[in-house]
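Q:
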Amino acid sequence: MKVRIKFSKYGALRFIGHLDLMRTFQKALRRADIDVTYTTGFSPHQVMTFAAPLGMGLCSIGEYMDIEVDSHRGAADLKERLQAACPEGIDILSVRALPEPEPNKKVISAMASVSAAAYAAVFKDGTRSFSDWASQSEAFLSQTEILSQKESKKGTVTVNLRPGIRELHVEDGALVFTVDAGSRGNIRPEQVTECFFAFLGVRVPANALQLIRLELYADRGTPEKPDFVPLEALGEEF
Amino acid sequence: MQLPDFQNRLALPDEILLSVEKPARYIGGEINAVKKDKRRVAIRFAMCFPDVYEIGMSHLGIQILYEMFNRYEDVWCERVYSPWLDLDRILRKEKIPLFALESQDPVKDFDFLGITLQYEMCYTNILQILDLSGIPLLAKNRGADCPIVIGGGPCVYNPEPVAPFFDLFYIGEGETAYRQLLDLYLENKAAGGDRKQFLLRAAREVPGIYVPSLYDVTYKEDGTIASFGPVREDVPKTIRKEIAMDLDRVPYPDKPLVPYLKPVQDRVVLEIQRGCIRGCRFCQAGQIYRPVREKSLETLKEYAAAMLKHTGQEEISLNSLSSSDYSRLEELVDYLMETCREKKVNISLPSLRIDAFSLDVMGKVQDVKKSSLTFAPEAGSQRLRDVINKGLTEEVILQGAAMAFAGGWSRVKLYFMLGLPTETEEDIWEIARLCNRIAAVYYDVVPKEKRNGPVQIVASTSFFIPKPFTPFQWASMCTKDAFLQKAGLTKHAIHEQLNQKRIKYNWHEADVSVLEGVFARGDRRVADVILKAYEKGCLYDAWGESFHYDRWLEAFAECGVDIGFYNSRTRSRDEILPWDFLDCGVSRDFLWKEWERAQAQILTPNCRQACQGCGARQFGGGVCFEKREDMDS
Ligand code: SF4
Numbered sequence: 315m316k317v318r319i320k321f322s323k324y325g326a327l328r329f330i331g332h333l334d335l336m337r338t339f340q341k342a343l344r345r346a347d348i349d350v351t352y353t354t355g356f357s358p359h360q361v362m363t364f365a366a367p368l369g370m371g372l373c374s375i376g377e378y379m380d381i382e383v384d385s386h387r388g389a390a391d392l393k394e395r396l397q398a399a400c401p402e403g404i405d406i407l408s409v410r411a412l413p414e415p416e417p418n419k420k421v422i423s424a425m426a427s428v429s430a431a432a433y434a435a436v437f438k439d440g441t442r443s444f445s446d447w448a449s450q451s452e453a454f455l456s457q458t459e460i461l462s463q464k465e466s467k468k469g470t471v472t473v474n475l476r477p478g479i480r481e482l483h484v485e486d487g488a489l490v491f492t493v494d495a496g497s498r499g500n501i502r503p504e505q506v507t508e509c510f511f512a513f514l515g516v517r518v519p520a521n522a523l524q525l526i527r528l529e530l531y532a533d534r535g536t537p538e539k540p541d542f543v544p545l546e547a548l549g550e551e552f
Numbered sequence: 036m037q038l039p040d041f042q043n044r045l046a047l048p049d050e051i052l053l054s055v056e057k058p059a060r061y062i063g064g065e066i067n068a069v070k071k072d073k074r075r076v077a078i079r080f081a082m083c084f085p086d087v088y089e090i091g092m093s094h095l096g097i098q099i100l101y102e103m104f105n106r107y108e109d110v111w112c113e114r115v116y117s118p119w120l121d122l123d124r125i126l127r128k129e130k131i132p133l134f135a136l137e138s139q140d141p142v143k144d145f146d147f148l149g150i151t152l153q154y155e156m157c158y159t160n161i162l163q164i165l166d167l168s169g170i171p172l173l174a175k176n177r178g179a180d181c182p183i184v185i186g187g188g189p190c191v192y193n194p195e196p197v198a199p200f201f202d203l204f205y206i207g208e209g210e211t212a213y214r215q216l217l218d219l220y221l222e223n224k225a226a227g228g229d230r231k232q233f234l235l236r237a238a239r240e241v242p243g244i245y246v247p248s249l250y251d252v253t254y255k256e257d258g259t260i261a262s263f264g265p266v267r268e269d270v271p272k273t274i275r276k277e278i279a280m281d282l283d284r285v286p287y288p289d290k291p292l293v294p295y296l297k298p299v300q301d302r303v304v305l306e307i308q309r310g311c312i313r314g315c316r317f318c319q320a321g322q323i324y325r326p327v328r329e330k331s332l333e334t335l336k337e338y339a340a341a342m343l344k345h346t347g348q349e350e351i352s353l354n355s356l357s358s359s360d361y362s363r364l365e366e367l368v369d370y371l372m373e374t375c376r377e378k379k380v381n382i383s384l385p386s387l388r389i390d391a392f393s394l395d396v397m398g399k400v401q402d403v404k405k406s407s408l409t410f411a412p413e414a415g416s417q418r419l420r421d422v423i424n425k426g427l428t429e430e431v432i433l434q435g436a437a438m439a440f441a442g443g444w445s446r447v448k449l450y451f452m453l454g455l456p457t458e459t460e461e462d463i464w465e466i467a468r469l470c471n472r473i474a475a476v477y478y479d480v481v482p483k484e485k486r487n488g489p490v491q492i493v494a495s496t497s498f499f500i501p502k503p504f505t506p507f508q509w510a511s512m513c514t515k516d517a518f519l520q521k522a523g524l525t526k527h528a529i530h531e532q533l534n535q536k537r538i539k540y541n542w543h544e545a546d547v548s549v550l551e552g553v554f555a556r557g558d559r560r561v562a563d564v565i566l567k568a569y570e571k572g573c574l575y576d577a578w579g580e581s582f583h584y585d586r587w588l589e590a591f592a593e594c595g596v597d598i599g600f601y602n603s604r605t606r607s608r609d610e611i612l613p614w615d616f617l618d619c620g621v622s623r624d625f626l627w628k629e630w631e632r633a634q635a636q637i638l639t640p641n642c643r644q645a646c647q648g649c650g651a652r653q654f655g656g657g658v659c660f661e662k663r664e665d666m667d668s
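As you go down the protein sequences, you meet chains A and B in turn. Residue numbers 315 to 552, in our numbering, belong to the letters of the first sequence in order. Residue numbers 36 to 668, in our numbering, belong to the letters of the second sequence in order.
1. Give me the chain A residues within the contact set of Phe41/B, using Cβ-Cβ distance strictly less than 8 Å, ordered along the chain.
2. Identify which residue in Ile323/B, Leu453/B, Asp301/B and Val476/B has its Cα closest to the Cα of Leu343/B.
3. From Met438/B, Lys425/B, Thr253/B and Phe507/B, pick the residue whose C-alpha is nearest to that of Val480/B; which is it?
4. Rounded to whole angstroms, what is the Cα-Cα separation between Leu392/A and Ile406/A?
5. Secondary structure at Ala46/B, three-state DSSP: helix, strand or coil?
6. With 8 Å set as the bound, which would you pick, yes or no: does the beta-carbon of Asp667/B sit closer than that to a beta-carbon of chain A?
7. DSSP puts Ser79/B in a beta bridge; with which residues?
8. Is there at least one non-hydrogen atom of the ligand SF4 closer than 7 Å to the beta-carbon of Arg652/B?
9. Taking the alpha carbon of Pro367/A as the reference point, which residue from His332/A, Ala431/A and Arg344/A has its own alpha carbon closest?
10. So is Tyr352/A in contact with chain B if we call contact Cβ pairs under 8 Å?
11. Between which residues of its own chain and Gly599/B is the CB-CB distance below 8 Å, once the five residues before and five after are set aside?
12. Using a Cβ-Cβ cutoff of 7 Å, what residues of the segment 453-476 of chain B are near chain A? List them in chain order.
13. CA-CA distance, Glu485/A and Pro39/B?
14. At a cut-off of 7 Å, is Pro326/B close to the ligand SF4 when judged by its beta-carbon and the heavy atoms of the ligand?
15. Under 8 Å Cβ to Cβ from Cys659/B, same chain only, skipping five residues before and after it: list those, please.
16. Any heavy atom of the ligand SF4 within a distance shorter than 7 Å of the CB on Gly321/B?
17. For the alpha helix (DSSP H) that contains Gly376/A, what are its first and last residues?
18. Assuming Val400/B contacts Ile382/B under a Cβ cut-off of 8 Å, what Cβ separation, rounded to an integer in Å, is found between them?
19. Determine the DSSP secondary structure at His94/B, reduced to helix, strand or coil.
20. In whole angstroms, what separates the C-alpha of Ala174/B from that of Ile183/B?
21. To which residues of the same chain is Ala434/A closer than 6 Å at the C-beta, ignoring the five residues directly before and after it?
22. With DSSP run on the structure shown, which of helix, strand or coil describes Thr409/B?
23. What is the DSSP secondary structure of Tyr192/B, reduced to helix, strand or coil?
24. Residues of chain A with CB under 7 Å from Tyr295/B, in chain order?
25. What residue range does the beta strand (DSSP E) around Met36/B cover?
26. Taking Cβ-Cβ distances shorter than 7 Å, what residues in chain A pair up with Ile62/B?
27. Could you tell me whether any Cβ in chain B is nearer than 8 Å to the Cβ of Asp446/A?
28. Can you tell me the Cα-Cα spacing of Trp627/B and Leu612/B, whole angstroms?
29. Going by the CB atoms, is the gap between Phe80/B and Asp146/B shorter than 8 Å?
30. With a Cβ-Cβ cutoff of 8 Å, do Thr278/A and Met379/A count as a contact?
31. Which of the three DSSP states is assigned to Ala135/B in this structure?
32. Nearest-angstrom Cα distance between Asp29/B and Val55/B?
33. Check whether the Cβ atoms of Trp587/B and Leu617/B sit closer than 8 Å, and answer yes or no.
34. Could you give the C-beta distance for Arg395/A and Asp349/A, rounded to a whole number, given that I count them as a contact under 8 Å?
35. Of the residues Ile381/A, Asn474/A, Ile375/A and Gly376/A, which one's Cα is nearest the Cα of His359/A?
36. Cβ of Gln647/B within 7 Å of any heavy atom in the ligand SF4?
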């Protein structure tokens, strides 16, 4: 059975990279004595995929991984045992079963499902607040082009972020926005905040902001009319 | 909107953590790390491995001591590793004091800073740790506001090159005398005693403790030692190593730390025994850990299960100098294979002799096609193997190889040393010929249709460095040029072989070996050079990318210390060696006898074949008291 696990990553674990997070979960699943399915061969490994790597320094309340289990004693038991095996800085938020795919179809993995991501940006030290610029968010979005410079191997590339920004507003002093992610093309949250400050003409020191991933979405709609739902909504209680 | 916690409670602010290579090295909080309330402990102990996190985290000895100290309710032991070069620069620039991982508190606030010395090339890193902690580099300049700096580990069997940097050294295994040392510390503190009083009492009362400031050394005109001894009557003249005799009753980390970063050894480690019966004459570990003491099978089974359960690790490895000599190896391996198959855990079995049993086991636990066999003949010719007392014969190697090739293996690794005492060009040619004969065995044994590609042989040579407390402690070592010449000849000789295309040859850096030689057998005058080199920016000398031989040579020249004096001289029997005041249990007479036998190319039987009366029987246990009726002697 395929199981989708939603978790948060915060505190000092902001400084753990993606590969190390994977290793941490591999070991936590073993300590939790969860009956994870293994590949066959001389060095069997757990069947496990992550939705989208989180950048170093970010925290999140919307991370996902899919695992496969050979047996289980219900979602509540699995959640409790995995939580007990996790270090401080990881909370298991939900555990859901992915429905069996239709004949001749595969389950779509967390990674393949991702099409958008929601983020919040706040000032780390709390001395400033995005509320000061709440009224400008609409003007920012009403631009037809939001140009972001990206350093790449071939030199500097300019991309227009605007079509990929699905939503942006200020809430409780935080800048909250949803951007395209995964298969649809990836916008890094830093690109959005940089462009926002450039639009305002405000200089903000590096590292002043804390970025938080709030959710990862799958798209159940059509290219013309997307229908974003959190990845966990594709799973069922068990 | 409910946001998760992103408060930084670490010693380093976000902007620094995000600017260094692997921030996870500095955040602590690993699974099984021990957290205590600092207000409720009497002693805070910072345990340091002076190398980068991923190396230090892999070290078993630290984990054992971490476990032992933290079992004491009144002690909180935390870990410290060397900050990598990127953070090193930042800490100096921003004047941020070095901190311990668990509490993230400055090292300087601790009662003790224990530094383990596992290899000589970490010596400048000791100075880095002290410097970044804000502790004066020289023990004599430290005051009441500094932790007591302790050295331990195998290199303390000659502590002299780093003696001025330490307040005291603990000689031998940590499990026996630390509690006594800590109690003395508390008692001294309660009585209002100062640092000096504590050190004096530690030297006088606690076994295994060497306080360098209480010993004085004088030199003859030729540079050798004229006298060495305590400055006071009531301080012991010799210090005997500490040793734990019942390994079933010492603390063992059944909940080892599980780092976030991938350490060099990403597995749980099961120590099955200490010591080695074999007595290879170049090997320091084979002497200083005598006598061999085994753990019982029951203990090992219990630990293996507990460690896997508490860590979730995917691999378990046996730790010992020569696993094949563990008397109940077959039963242990059977047990492990059983449990590991169930739990999908890999087993790694280093230091196994290649024979029918080990090949059978390895065939079951690893992918034969991908793995390689390891032989450590150490010398190419039988003559030279007799000199070093390496019992491995060519017949055994070729038979082992034949069996392995028949079993599907096609890769072989061979380890040799260059520059061993009495070595001739002929011995070096024999390295090449041995590699060639092994390759030939493959083509003899494996019919063409069954070959899994061509045979691959990797020969590696390291340079021989004489170590204290070995029969070769009196021997001379080669110069850098001589080493390079020997490596060149080895390369040439391999090229001349029929199967040369199937043999790959690697050799070690010679520069580092030269320094290691000086540090291994140096005296207190070498400390000046280490200090000078550190001031010139030497750090992480064990890492090729940060090793600067030229700076070291400058430091030697400026201090007027001659490398040749330490490396290129054969010592006489009556010369006072810098480490003679230490007693590792094995007598000087035994080592001298072995040095003579080496030169006469006479093999010495191992402890189980016939006791040689090396002196280690004084510890009252281990292999020295095993029944030998059924052994030929
Ligand atoms: S006393 Fe004998 S048995 Fe014991 S370690 Fe020495 S040689 Fe081996």
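Cβ atoms here follow ideal geometry from the backbone N, Cα and C, with glycine treated the same way.
A: Quick look at the numbers:
1. Here the question's residue 41/B lines up with position 6 in the second sequence. Under a criterion of Cβ atoms nearer than 8 Å, the residues of chain A adjacent to Phe41/B are, in order, Tyr324, Gly325, Arg328, Cys373, Lys438, Gln524 and Ile526.
2. Within the second sequence, the letter at position 308 stands for residue 343/B. Out of Ile323/B, Leu453/B, Asp301/B and Val476/B, the CA that lies nearest to the CA of Leu343/B is found in Asp301/B.
3. Here residue 480/B corresponds to residue number 445 of the second sequence, with the count starting at 1. For Val480/B, the nearest C-alpha among the options comes from Met438/B.
4. Counting from one through the first sequence, the residue named residue 392/A turns up at place 78. Counting from one through the first sequence, the residue named residue 406/A turns up at place 92. In a straight line, the C-alpha of Leu392/A is about 10 Å away from that of Ile406/A.
5. Counting from 1 along the second sequence, the entry for residue 46/B is found at position 11. In the three-state scheme derived from DSSP, where H, G and I count as helix and E and B as strand, Ala46/B is classed as coil.
6. Mapped onto the second sequence, residue 667/B falls at position 632. In this predicted model, Asp667/B has a pLDDT of only 44, less than 50, meaning its place in the structure is not dependable; the value taken from the coordinates is given anyway. Not one chain A Cβ lies under 8 Å of Asp667/B.
7. Taking the first residue of the second sequence as 1, we reach residue 79/B at position 44. According to the sequence provided, residue 79/B is Arg. The question's Ser does not apply to it. Arg79/B pairs with Trp111/B.
8. Residue 652/B sits at position 617 when you count from the first residue of the second sequence. Between the ligand SF4 and the CB of Arg652/B, the shortest heavy atom gap is smaller than 7 Å.
9. Counting from one through the first sequence, the residue named residue 367/A turns up at place 53. From the listed residues His332/A, Ala431/A and Arg344/A, the smallest Cα separation to Pro367/A is found for His332/A.
10. Your numbering for residue 352/A matches position 38 in the first sequence. For Tyr352/A, a Cβ of chain B is located within less than 8 Å of the residue's own Cβ.
11. Your numbering for residue 599/B matches position 564 in the second sequence. Closer than 8 Å at Cβ, skipping near neighbours: Thr514.
12. Those would be none; no residue qualifies.
13. To locate residue 485/A, count along the first sequence from 1; it is residue 171. To locate residue 39/B, count along the second sequence from 1; it is residue 4. Taking the straight line from one Cα to the other gives about 16 Å.
14. On the second sequence, position 291 is the one that residue 326/B refers to. Flag set: Cβ of Pro326/B near the ligand SF4.
15. Along the second sequence, read from residue 1 onward, the residue named residue 659/B stands at position 624. Cβ within range, chain order: Pro326, Cys642, Cys646, Ala651 and Arg652.
16. Locating residue 321/B in the second sequence gives position 286, where the first residue counts as 1. Incorrect: Gly321/B has no Cβ contact closer than 7 Å to the ligand SF4.
17. Position 62 of the first sequence, counted from the start, is the residue given in the question as residue 376/A. That residue, Gly376/A, is in no alpha helix (DSSP H); its beta strand (DSSP E) goes Cys373 to Glu382.
18. To locate residue 400/B, count along the second sequence from 1; it is residue 365. To locate residue 382/B, count along the second sequence from 1; it is residue 347. Sure, about 5 Å apart at Cβ, within 8 Å.
19. Here the question's residue 94/B lines up with position 59 in the second sequence. Correct three-state label for His94/B: coil.
20. Indexing the second sequence from 1 puts residue 174/B at position 139. Indexing the second sequence from 1 puts residue 183/B at position 148. So the alpha carbons of these two residues sit roughly 9 Å apart.
21. Counting from 1 along the first sequence, the entry for residue 434/A is found at position 120. Same-chain partners within the cutoff: Ala488, Val490, Ile526 and Leu528.
22. In the second sequence, residue 409/B corresponds to position 374, counting from 1. Of the three classes helix, strand and coil, the one that applies to Thr409/B here is strand, per DSSP.
23. As a first step, residue 192/B is located in the second sequence; it is residue number 157 there, counting from the start. Three-state DSSP puts Tyr192/B in a helix.
24. Here the question's residue 295/B lines up with position 260 in the second sequence. The contacting residues are Ile330, Asp334 and Thr338.
25. As a working note, residue 36/B is residue 1 in the second sequence. Premise fails: Met36/B is in no beta strand (DSSP E) and is neither H nor E.
26. On the second sequence, residue 62/B is found 27 positions in, with the first residue counted as 1. What Ile62/B touches in chain A: Ala326 and Phe329.
27. The residue labelled residue 446/A in the question sits at position 132 within the first sequence. Nearest CB-CB separation between Asp446/A and chain B: not below the 8 Å threshold.
28. On the second sequence, position 592 is the one that residue 627/B refers to. On the second sequence, position 577 is the one that residue 612/B refers to. Trp627/B and Leu612/B have their C-alpha atoms some 13 Å from each other.
29. Against the second sequence, residue 146/B aligns to sequence position 111. Against the second sequence, residue 80/B aligns to sequence position 45. Yes, Cβ-Cβ distance for Asp146/B and Phe80/B is below 8 Å.
30. There is simply no residue 278/A to check, as chain A begins at 315 and stops at 552 in what is shown.
31. Counted from its first residue, the second sequence places residue 135/B at position 100. In the structure shown, Ala135/B sits in coil (DSSP, three-state: anything other than H, G, I, E or B).
32. Absent from the structure is residue 29/B, since the part of chain B shown begins at 36 and ends at 668.
33. Taking the second sequence and counting its residues from 1, the one referred to as residue 587/B is at position 552. Taking the second sequence and counting its residues from 1, the one referred to as residue 617/B is at position 582. No, they are not a contact pair.
34. Position 81 of the first sequence, counted from the start, is the residue given in the question as residue 395/A. Position 35 of the first sequence, counted from the start, is the residue given in the question as residue 349/A. Contact doesn't hold; Cβ gap of about 11 Å is too wide.
35. Here residue 359/A is taken as the residue at index 45 of the first sequence, counted from 1. Looking at the Cα atoms, Ile381/A is the closest of the given residues.
36. Here residue 647/B is taken as the residue at index 612 of the second sequence, counted from 1. Flag set: Cβ of Gln647/B near the ligand SF4.
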